[in-house]
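A.B. asks: Position in the sequence shown counted from 1, then plus 31, gives you the working numbering.
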Amino acid sequence: MLYDDKFLEALRLEPALRLVEACQMAIDRLDLEGKSDWEDGDYDILAEAYTLIMAVVEARLLPEIGFRFSKLSEDRETQCREMLDVLRHIIQTLESAAAKAKIESLRTKFRASLGSAFAYEFSQGDLDRVQELLNELRDHVANADGLKDEHRQRLLRRLEHVQRELHKKVSDLDRLWGLVGDAGVVLNKLGRDAKPIVDRLREVVDIIWRTQVRAEELPSGATIPVLAPPPTDHDHND
32 MLYDDKFLEA LRLEPALRLV EACQMAIDRL DLEGKSDWED GDYDILAEAY TLIMAVVEAR
92 LLPEIGFRFS KLSEDRETQC REMLDVLRHI IQTLESAAAK AKIESLRTKF RASLGSAFAY
152 EFSQGDLDRV QELLNELRDH VANADGLKDE HRQRLLRRLE HVQRELHKKV SDLDRLWGLV
212 GDAGVVLNKL GRDAKPIVDR LREVVDIIWR TQVRAEELPS GATIPVLAPP PTDHDHND
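(1) For Arg91 and Val244, I'd like the C-alpha separation in whole angstroms.
(2) Note down, one range per segment and in chain order, each alpha helix (DSSP H) of at least 4 residues found wholly within the stretch 59-112.
(3) For the candidate residues Leu218, Glu167, Val161 and Val117, whose alpha-carbon lies nearest to that of His182?
(4) I need the DSSP call for Lys199, collapsed to helix, strand or coil.
(5) Could you tell me the distance, in whole angstroms, from the CA atom of Glu45 to the CA atom of Ile239?
(6) Use the C-beta contact count for Thr242: other C-beta atoms within 10 angstroms, 16 or more gives buried, fewer gives exposed.
(7) Does Gln194 pass the burial test, meaning 16 or more other C-beta atoms within 10 Å, or should it be called exposed?
(8) Could you check what DSSP says for Glu181 in three-state terms: helix, strand or coil?
(9) Looking only at DSSP bridge pairs, what is Glu152 linked to?
(10) Buried or exposed: where does Leu5 fall if 16 or more other Cβ atoms within 10 Å of its Cβ makes it buried?
(11) If I follow the unbroken alpha helix (DSSP H) through Pro250, where does it start and stop?
(12) Can you give me the Cβ contacts of Arg189 inside the same chain, cut-off strictly under 7 Å, excluding the 5 residues immediately before and after it?
(13) Would you tell me roughly how many angstroms separate the C-alpha atoms of Pro260 and Ser251, rounded to the nearest one?
(14) From this set, Leu137, Asn166, Arg119 and Leu221, which residue's C-alpha is nearest Cys54's C-alpha?
(15) For Val236, which residues of its own chain have a beta-carbon under 7 Å away from its beta-carbon, when the five flanking residues on both sides are left out?
(16) Between Asp224 and Gly177, how many whole angstroms is the CB-CB distance? I'm expecting something under 8 Å.
(17) How do the stretch 73-87 and the stretch 166-176 stand: do at least 3 beta-carbon pairs fall below 8 Å, yes or no?
(18) Roughly how many whole angstroms lie between the Cα atoms of Lys102 and Glu89?
Structure (structure tokens):
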């Protein structure tokens, strides 16, 4: 197998970057220079990479690709050439997005470590749990009925960005709080189907708030403040 569980988990967090890497790994293993015939091992490598691309597209991890798969030929030699063409197409399509994702991820990581004396720090258990919850949210959003595709894609992109930039230390929690706000807008469109998403968002909020309380040295057990609505004329008259 080219791709182990650790790589697949990284792919969920950074789909553009890791899918380009996956395609390039497969091409490097083929040793194409001077190749005239396709061997069984070549087919296995191409089939694994091709199937991985299909899984990423079906899971809507990269909704912006808009890639449609053509039926492969019956002849194995032709199949190998067709699958190789798909791998090269994916690299060409995502190369720019992958480069930007890598730079943004590094920038966020370095900024948290060097750019500010103050940082929010998740416990390892909380960090792992948030990533797990975000993975589950992506699955639920990708498969939720009642969402317009544009809303689905926007929320999936937001989830991807949050996961990519989430490290043990972060300089701010804005992206996580922003995700909660974006998701809240979408939830109104789902009705009863929103419960699995609401449950996971509530747990994410609890972890964010716990991390914020610890970093800002707020009293233990402090609850999330809720702003009261502004007074109305009726209130003044009472």
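Glycine included, C-beta positions come from ideal geometry on N, C-alpha and C.
C.D. replies: Put simply:
(1) Position 60 of the sequence shown, counted from the first residue, corresponds to residue 91. Position 213 of the sequence shown, counted from the first residue, corresponds to residue 244. The alpha-carbon atoms of Arg91 and Val244 are separated by roughly 35 Å.
(2) Entirely contained in the stretch 59-112, the alpha helix (DSSP H) runs reaching 4 residues are, in chain order, 71-89.
(3) Translated into positions along the sequence shown, residue 182 becomes position 151. Of the candidates Leu218, Glu167, Val161 and Val117, the one whose C-alpha sits nearest the C-alpha of His182 is Leu218.
(4) For the purposes of this step, residue 199 is identified with residue 168 of the sequence shown, where counting begins at 1. It is coil, neither helix nor strand.
(5) Mapped onto the sequence shown, residue 45 falls at position 14. Mapped onto the sequence shown, residue 239 falls at position 208. A direct Cα-Cα distance of roughly 21 Å separates Glu45 from Ile239.
(6) Within the sequence shown, the letter at position 211 stands for residue 242. So Thr242 counts as buried.
(7) As a working note, residue 194 is residue 163 in the sequence shown. Gln194 comes out buried.
(8) By 1-based counting over the sequence shown, the position of residue 181 is 150. The answer is helix: DSSP assigns Glu181 an H, G or I state.
(9) What you label residue 152 is simply residue 121 of the sequence shown in a count that begins at 1. Residue pairing by DSSP places Glu152 opposite Lys200 in a beta bridge.
(10) Residue 5 falls outside the range modelled here, since the chain spans only 32 to 269, and no answer is possible.
(11) In the sequence shown, counting from the first residue as 1, residue 250 sits at position 219. First-last for Pro250: undefined, no H or E at that position.
(12) Translated into the one-based positions of the sequence shown, residue 189 becomes position 158. Answer for Arg189: Leu210 and Asp213, listed in chain order.
(13) Position 229 of the sequence shown holds residue 260. Position 220 of the sequence shown holds residue 251. Because Pro260 carries a pLDDT of 46, less than 50, the predicted location of this residue cannot be relied on, and no value is offered for it.
(14) Stepping through the sequence shown from its first residue, residue 54 is reached at position 23. Checking every option, the nearest Cα to that of Cys54 belongs to Arg119.
(15) Locating residue 236 in the sequence shown gives position 205, counting from the first residue. Scanning its chain for C-beta atoms nearer than 7 Å, with the 5 sequence neighbours on each side dropped, one finds around Val236 the residues Val211, in chain order.
(16) What you label residue 224 is simply residue 193 of the sequence shown in a count that begins at 1. What you label residue 177 is simply residue 146 of the sequence shown in a count that begins at 1. Correct: roughly 6 Å between the Cβ atoms.
(17) Between the stretch 73-87 and the stretch 166-176 there are fewer than three C-beta pairs closer than 8 Å, too few to call the two in contact.
(18) On the sequence shown, residue 102 is found 71 positions in, with the first residue counted as 1. On the sequence shown, residue 89 is found 58 positions in, with the first residue counted as 1. Their Cα atoms are separated by approximately 16 Å.
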